[in-house]
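Have a look at the structure below before the remarks.
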Amino acid sequence: MGTTRAAASILPLTVMSAALLLSAAARGAERHFELNIQNGRLAEPAPTLKVSQGDEVLLELKSDRDLELHLHGYSLTFALAAGVPAVWRFAVPSSGRFPLAVHEHGGAHSHATLLYLEVHPD
Amino acid sequence: MRRVAAASTALAVLAGGASQPVAAHAFGQRYDLPLPLEFFLAGGAAVVLLSFVVAVVILRPASDHAWQRVLPPVPRWLRAAAESTIAALGVFLFLLVLIAGYFGNQESSENIATVLVWVLWWIGLMLVTALIGNIWPHLDPWSTIWRRARSWLGRPSQAPVDGSPPWGAWPAVAMYFVYAWLELASDFGEVPRDLALLVLFYSVGAWMAMALFGENRWRAGADPFSRIFGLFGSFAPFSRNPIGQVTLRLPGAGLLGNHPRALGEIAFVLLVLATVTFDGISETPPWSSAIDWLAHSPSLRPVLLSLGDAGIDVLMTANTLGLLLTGLVFFAVFAVVCRLSALIGGGVSGSQAMRAFALTFLPIAIAYHAAHYLSYLLLAGQLAIPLASDPFGWGWDLFGTRGHTIDLGVISMKTVWYIAVVAIVTGHVVSVTLAHIEALRLFPTRRAALLSQLPMLVLMVAFTSTSLWILSQPIVQEPG
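Taken in sequence, the protein lines are chains A and B. Take the first sequence: its position 22, counted from the start at 1, is 21 in numbering that gives the first Met the number 0, and no numbers get skipped. Take the second sequence: its position 115, counted from the start at 1, is 114 in numbering that gives the first Met the number 0, and no numbers get skipped.
The following block contains the structure:
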């Protein structure tokens with residue numbers, strides 16, 4: 000009896016919070032990361048940023064060199080000038096694990112994975 | 000797929016600060032999320048549990064005729080039309096690979112040659128062959144061109160020759176190893192022109208071998224592609240029986256009793272299993288750490304530097320060693336387990352057991368291969384849409400599809416996870432079942448058969464768990 004009543008009172012709550020969660024997921028949270036790139040890298044091995052499908056990713060970027068960033072899979076590119084802070088904002092509607100690569104200009108052409116962006120399904 | 004593992008610092012260290020010239024877009028890059036822990040655990044638990052269920056349920060010897068139905072005959076004209084259409088398609092695509100590869104855009108994702116060979120043929124057709132049926136004997140352009148050339152020259156068609164070709168399956172083992180090395184350790188096949196030249200080189204070799212040994216013996220013995228498509232096709236539900244009727248059977252049933260006869264054939268099967276597994280291992284963080292360790296090891300540094308001067312970077316060295324080692328470990332472990340199984344069961348030799356059980360591991364490898372490449376096939380396969388309009392990457396727009404970009408949302412990772420775990424558990428159950436049926440046929444008593452399967456069961460659980468573990472690892476790869 001007691002448990003039934005408790006369950007009965009919990010149920011609407013659960014439904015409500017589930018609905019809230021769902022609506023939050025549907026709207027998509029804004030995920031904010033600050034990245035200070037030194038020498039074309041962040042850390043070794045490349046770190047992983049985890050976000051949810053439908054989020055909006057906001058990267059606050061700073062680099063000590065001119066770089067071109069390329070988000071594989073989504074095929075997005077972003078040019079970053081040395082010493083100039085910049086904000087790169089993009090939506091991630093599809094799940095997966097995507098390397099963010101650095102293309103460096105001037106002299107030798109180099110290429111490395113800066114980080115991995117993991118977009119998790121709901 | 001290729002060019003994996005991130006030993007970027009290691010590469011920079013060895014290159015002495017100079018960096019590697021690379022293409023702007025990675026070809027063969029997979030974007031799979033690691034399998035979450037709960038999927039990994041549920042899959043592992045199901046694998047262990049179902050192994051025991053199969054062991055207990057299959058106590059009675061299976062009949063010699065596995066479930067099989069002969070399908071209604073296809074009209075002769077329709078069959079002939081289908082076969083010649085497939086053969087013509089094979090020759091057309093073969094020429095397209097050569098011409099587009101050699102003359103087209105040298106960016107691998109903007110040339111139909113690389114997409115056709117690596118994505119659609121090697122991964123796509125291979126999975127279709129395993130899950131539906133094998134059309135390679137008709138599609139095989141080398142055979143079609145050979146036969147056409149012979150009939151134009153007025154030579155009679157060759158009758159099938161019995162008996163294995165010289166050296167058995169060993170030439171196929173060697174060629175398959177080189178091919179796997181090209182795919183997994185080197186990046187030669189990624190540049191369209193190199194790929195076209197490799198295909199041309201292989202073609203000349205294949206035709207010379209056909210001239211020397213006869214087309215049928217080449218195909219039945221030494222040709223690695225006929226052999227691997229044949230292998231995957233023997234798992235498939237649809238097949239042709241010796242009198243040409245199309246039959247339907249349970250997936251995997253075709254592997255029963257279809258034993259490799261010689262050591263070379265067993266080695267080929269194990270090499271296929273090993274390459275499928277190493278393909279996955281080479282993208283895991285532990286492998287990447289191993290490469291870093293290798294690159295920073297002071298004792299190996301001079302060797303690696305001199306290899307580097309010869310154009311062989313540390314990644315290629317490590318992957319070559321890894322591929323070789325995985326193959327040898329698979330062979331050694333399989334031989335030991337078969338010997339144990341034979342000792343426990345009694346009355347048979349270790350090599351008899353190896354012949355009986357080699358193919359029973361194939362379903363696990365096929366399931367893993369499918370799970371590993373499912374999303375890749377659906378994403379990279381989309382490259383065929385723009386390339387159908389612009390096969391050479393010259394800006395043509397034959398069918399108006401040139402502007403198509405890859406739709407990442409075509410499959411959700413959650414769907415991939417469910418399919419992956421279900422496929423791997425199913426593959427495991429099929430493998431364990433096949434091994435039990437083979438054991439019941441091989442050993443004198445049911446008790447002996449059941450006991451003989453203990454080491455085999457342990458090995459199968461280990462093989463399946465390795466597959467699940469690889470899928471649960473985050474992919475680490477150096478984007479090309």
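For each residue, glycine too, the CB sits at the ideal point set by N, CA and C. These numbers were taken from a predicted model, which means no experiment stands behind them.
Between the region 314-323 of chain B and the region 184-192 of chain B, the count of Cβ pairs shorter than 8 Å is three or higher; the stretches touch.
Per DSSP, the continuous beta strand (DSSP E) segment holding A:H31 begins and ends at 29-36. Look at A:W87 here: in three-state DSSP terms it is strand. Just measuring C-alpha positions, the residue of A:G72, A:P46, A:Y73, A:A90 sitting nearest A:D54 is A:A90.
Around the beta carbon of B:M207, a 10 Å sphere encloses fewer than 16 other beta carbons of the protein chains shown; the residue is thus reported as exposed. Scanning chain B for C-beta atoms nearer than 7 Å to the C-beta of A:F97 yields Y30, reported in chain order. In this structure, A:H31 lies away from A:L60, with their beta-carbon atoms at least 7 Å apart.
For the pair A:P98 and A:H119, the CB atoms are not nearer than the 7 Å cut-off. At a beta-carbon threshold of 9 Å, the residues of chain B lying near A:G72 are Q28, Y30, L378, I405, L407, ordered along the chain. Under the 10 Å beta carbon count, B:W151 is surrounded by fewer than 16 other beta carbons and is classified as exposed.
One thing to note: B:I365 has its Cβ within 7 Å of the Cβ of B:F234.
Counting only Cβ-Cβ distances below 7 Å, A:P120 has contacts in chain B at S411, M412, K413, in chain order. Within the region 27-55 of chain A, R40, E43, P44, A45, T47, Q52 place their CB atoms closer than 9 Å to a CB of chain B, listed in sequence order.
Counted as a single uninterrupted DSSP element, the alpha helix (DSSP H) harbouring B:V335 occupies residues 313-344.
Around B:V275, the same chain offers A364, Y367, H368 as residues with beta carbons nearer than 7 Å, after the five sequence neighbours per side are excluded. Neighbours of B:I474 in chain A, taken as residues whose beta carbon is under 8 Å from its own, are R96 in chain order. With 16 or more other Cβ atoms from the protein chains shown falling within 10 Å of its own Cβ, B:W217 counts as buried. Collapsing the DSSP output to three states places A:S62 in a strand. By the C-beta density criterion, A:D63 is exposed, having fewer than 16 other C-beta atoms within 10 angstroms.
Under DSSP, A:V101 shares a beta bridge with A:L68, A:A111. Looking only at B:F329, B:G123, B:A355, the smallest Cα-Cα distance to B:G256 is reached by B:A355.
Under the DSSP definition of a beta bridge, A:A78 partners with A:E67. Taking 7 Å as the CB threshold, A:S93 lines the interface with chain B.
Using a Cβ-Cβ cut-off of 7 Å, A:E117 counts as an interface residue toward chain B, since at least one Cβ of chain B sits closer than that to its own. By the Cβ neighbour-count rule, A:T76 is exposed, with fewer than 16 other Cβ atoms within 10 Å of its own. Classified as buried, B:T432 has 16 or more neighbouring CB atoms from the shown chains inside 10 Å of its CB. The region 352-425 of chain B is shown to contain whole alpha helix (DSSP H) runs of 4 or more residues at 361-379, 383-388, in chain order.
Put simply, the backbone Cα of B:F267 is about 53 Å away from that of A:A80.
Collapsing the DSSP output to three states places B:G43 in a helix. According to the DSSP assignment, B:L230 belongs to the alpha helix (DSSP H) that extends over 223-232. B:V90 and B:I144 do touch by the CB rule: their CB atoms are close to 6 Å apart, below 8 Å.
Using a Cβ distance threshold of 7 Å, B:T128 and B:F228 count as a contacting pair.
Straight-line spacing of the CA atoms in B:Q28 and B:L306 works out to 26 Å. The region 158-196 of chain B contains, as complete alpha helix (DSSP H) runs of 4+ residues, the segments 169-183 (chain order). Look at the beta carbons and you see the region 243-260 of chain B not touching the region 307-317 of chain B: under three pairs across the two are nearer than 8 Å.
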